[in-house]
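Take any residue in the sequence shown, note its place counting from 1, add 42, and you have its number in the numbering used here.
Okay, structure first, notes after.
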Amino acid sequence: MRNRRDDGRDVLVVTGAGGMGTAVARRLGSGRKLVLADASRGQLDRVVEELSAAGFTVRGVPTDVSDRASVEALAEVAAGEGRVTAVVHTAGVAAATASARTIFEVDLLGTAHVIDAFEPLAGHGTSMVCVSSMAGHYAPVDREHERALATAPTDELLGLDCVRAVGDDAQAAYMLSKRANHVRVQAAALAWNQRGARINTISPGVVATAMSQAEIDSDPDGRMMKMLDACGAGRAGTPEEIAEAAAFLTGPHSLFVTGTDLLVDGGQAAWIRWHMRHP
Numbered sequence: 043m044r045n046r047r048d049d050g051r052d053v054l055v056v057t058g059a060g061g062m063g064t065a066v067a068r069r070l071g072s073g074r075k076l077v078l079a080d081a082s083r084g085q086l087d088r089v090v091e092e093l094s095a096a097g098f099t100v101r102g103v104p105t106d107v108s109d110r111a112s113v114e115a116l117a118e119v120a121a122g123e124g125r126v127t128a129v130v131h132t133a134g135v136a137a138a139t140a141s142a143r144t145i146f147e148v149d150l151l152g153t154a155h156v157i158d159a160f161e162p163l164a165g166h167g168t169s170m171v172c173v174s175s176m177a178g179h180y181a182p183v184d185r186e187h188e189r190a191l192a193t194a195p196t197d198e199l200l201g202l203d204c205v206r207a208v209g210d211d212a213q214a215a216y217m218l219s220k221r222a223n224h225v226r227v228q229a230a231a232l233a234w235n236q237r238g239a240r241i242n243t244i245s246p247g248v249v250a251t252a253m254s255q256a257e258i259d260s261d262p263d264g265r266m267m268k269m270l271d272a273c274g275a276g277r278a279g280t281p282e283e284i285a286e287a288a289a290f291l292t293g294p295h296s297l298f299v300t301g302t303d304l305l306v307d308g309g310q311a312a313w314i315r316w317h318m319r320h321p
């Protein structure tokens with residue numbers, strides 16, 4: 043028996059109404075019922091109004107991903123709209139604008155909450171994409187701590203030794219959180235596979251969003267942009283390019299892709315590994 047809101051259209055859930063989330067919503071939302079979540083009610087209302095005016099069927103749900111109950115409420119709303127076939131988690135904060143504690147609560151714990159809340163809704167063909175970061179590939183974390191980040195119960199994550207050891211270093215918190223996103227998704231892939239569903243991460247490099255601009259503004263030496271020039275990209279990425287990657291990972295051409303990370307960074311990570319001169 044169909045829910046009264048279920049008109050047969052698939053449901054797309056997007057967390058984060060910033061540059062990437064809005065681009066994903068526009069790229070994937072046509073013909074679907076879109077459930078958009080953000081912690082900022084003002085930002086959420088603005089984007090919902092814009093998307094509605096553009097013809098999308100969209101419902102905004104204020105959501106704090108660091109709060110398990112808030113994310114579970116979001117999942118309940120999404121389930122009430124119909125069959126959830128795609129979840130793209132873009133909500134996050136950065137080292138330039140947030141404390142280490144907030145980064146861990148939003149980027150680390152928040153991602154785990156989203157994975158946990160939507161796994162019970164995953165069915166045949168469902169695909170989740172969690173937006174991580176290229177920075178996660180460079181977190182100095184050993185195998186033992188990676189295993190803990192991947193498999194510890196969600197409510198124990200903030201108490202892990204490797205998390206507590208970071209202290210107030212926001213950049214280190216960001217890198218560790220993004221690495222945790224990678225390994226958490228890898229570990230979750232088995233359960234999602236058993237449901238006929240898939241789960242992956244995307245790791246953007248520098249992308250032209252307000253969050254990235256804050257990072258650039260906090261970098262007086264222009265190191266980020268110099269690295270983009272050095273690696274040959276010569277520019278930042280666009281939110282639309284991240285949306286295209288999400289479209290691939292939630293679409294019919296990636297049905298054998300799960301439990302992995304897709305770097306979308308203009309070749310910066312490859313340059314860092316093979317060509318960057320290290321002190």
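Glycine included, C-beta positions come from ideal geometry on N, C-alpha and C.
Bear in mind that the values here come from a model prediction, so they are computed numbers and not experimental data.
* In the DSSP assignment, find the unbroken alpha helix (DSSP H) run with residue 142 in it and report its ends. => Numbered from its first residue, the sequence shown carries residue 142 at position 100. Residue 142 -> alpha helix (DSSP H) spans 142 to 145.
* Asked: Ordered along the chain, which non-local residues of its own chain (more than five positions away) have a Cβ less than 7 Å from that of residue 44?
  -> As a working mapping, residue 44 is identified with position 2 in the sequence shown. With a pLDDT of 44 at residue 44, under the threshold of 50, the modelled position of this residue cannot be trusted; read the value that follows with caution. There are no such residues.
* Closest Cα partner of residue 106 within the set 171, 59 and 53 -> In the sequence shown, the residue the question calls residue 106 occupies position 64. The option with the nearest alpha carbon to residue 106 is 59.
* For the region 292 to 304 and the region 261 to 280, state whether three or more C-beta atom pairs, one from each stretch, are separated by less than 8 Å. => no
* Asked: By Cβ distance below 6 Å, which residues in the same chain neighbour residue 56 in space, the five residues on each side in sequence not counted?
  -> Position 14 of the sequence shown holds residue 56. 63, 66, 67, 78 and 130.
* Please classify residue 210: is it buried, with 16 or more other beta-carbons within 10 angstroms of its beta-carbon, or exposed? => Position 168 of the sequence shown, counting from 1, holds the residue named residue 210. Label assigned to residue 210: exposed.
* Using DSSP with H/G/I as helix, E/B as strand and the rest coil, what is residue 279? -> Stepping through the sequence shown from its first residue, residue 279 is reached at position 237. Residue 279 falls in the strand class under three-state DSSP.
* Cβ-Cβ distance between residue 227 and residue 218 below 8 Å -> The residue you call residue 227 lines up with position 185 of the sequence shown. The residue you call residue 218 lines up with position 176 of the sequence shown. No, they are not a contact pair.
* Asked: Taking the DSSP output, what are the residues bridged to residue 242?
  -> Translated into positions along the sequence shown, residue 242 becomes position 200. Paired residues: 171.
* Asked: Within 10 angstroms of its Cβ, does residue 307 collect 16 or more other Cβ (buried), or is it exposed?
  -> Sequence index remark: in the sequence shown, residue 307 carries index 265 (1-based). That one is buried.
* Asked: residue 151 to residue 294, Cα distance in whole Å?
  -> The residue given as residue 151 occupies position 109 in the sequence shown. The residue given as residue 294 occupies position 252 in the sequence shown. Whole-angstrom Cα-Cα distance: 30 Å.
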